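The structure appears below as structure tokens.
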Amino acid sequence: MKCTILDLPHVVANMPQTENLIFVVWDMFQSIPHADAILLKLVMHNWSDEDCMKILQRCKEDSTYKDEERKRKVLIIDMVLNRDEDEADMTEVKLLLSWGEGVCRELRKNGKGYSLSVAS
Ligand SMILES: C[S@@+](CC[C@H](N)C(=O)[O-])C[C@H]1O[C@@H](n2cnc3c(N)ncnc32)[C@H](O)[C@@H]1O
5 MKCTILDLPH VVANMPQTEN LIFVVWDMFQ SIPHADAILL KLVMHNWSDE DCMKILQRCK
65 EDSTYKDEER KRKVLIIDMV LNRDEDEADM TEVKLLLSWG EGVCRELRKN GKGYSLSVAS
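The letter at position 101 of the sequence shown is residue 105 when you use my numbering, and the numbering goes up by one with no holes.
Right, here's the structure in full:
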């Protein structure tokens with residue numbers, strides 16, 4: 005498996021490369037280069053809903069994959085509040101960790117399943 009880490013210049017510019025792991029200076033708001041899968045780990049909580057939609061749109065755009073069976077996968081790992089099921093201490097820890105980081109989103113049960121919205 006080959007992995008490419010995309011980030012801003014001050015984060016990846018001088019990182020050592022290996023055969024399977026490379027670091028590339030890239031602005032994810034402009035485009036996302038071709039890959040079988042894209043992992044957005046601890047990225048979305050930094051951005052508004054509008055910016056998250058832009059990032060997901062860039063993930064969706066890939067002129068090299070026309071085949072429906074081989075569409076790229078997008079995996080999101082991020083922290084969300086789940087006050088209905090988390091212990092109160094866990095909610096406090098999550099709020100503390102997300103403090104100053106941007107947007108804290110909350111998972112809520114509704115009639116159809118779950119919804120995710122900006123925590124208030
Ligand atoms: C909270 S960090 C998460 C980093 C890494 N995914 C992790 O889990 O450790 C968010 C990263 O997004 C990067 N970032 C911010 N704006 C970006 C952009 N326009 N294009 C690419 N990366 C960006 C930041 O430099 C930062 O390293």
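Backbone N, C-alpha and C define an ideal beta-carbon position, used for all residues, glycine too. Every value quoted in this text rests on a predicted model; they were computed, and no experiment measured them.
Residue side-chain check: Val47 places its Cβ nearer than 8 Å to a non-hydrogen atom of ligand 1.
With a cut-off of 8 Å, the C-beta of Asp90 is classified as distant from ligand 1, since no heavy atom of the ligand falls inside that distance. Per DSSP, the beta bridge partners of Lys113 are Tyr118. Look at Val16 here: in three-state DSSP terms it is helix. The Cβ-Cβ distance between Lys98 and Val84 falls below 9 Å. In terms of Cβ geometry, Ala123 and Arg76 do not form a close pair [threshold 9 Å]. About 7 Å separates the Cβ atoms of Leu44 and Val78, confirming a contact at the 8 Å cut-off. The beta-carbon distance between Glu110 and Arg87, rounded to whole angstroms, is 7 Å. This is short enough to meet the 8 Å contact definition. Here Cys63 is near Ile36, since their CB atoms are less than 9 Å apart. Note that the C-beta distance between Asp93 and Met48 is not below 9 Å. For Val78, the three-state secondary structure derived from DSSP is strand.
For Met32, the distance from the CB to the nearest heavy atom of ligand 1 is below 8 Å.
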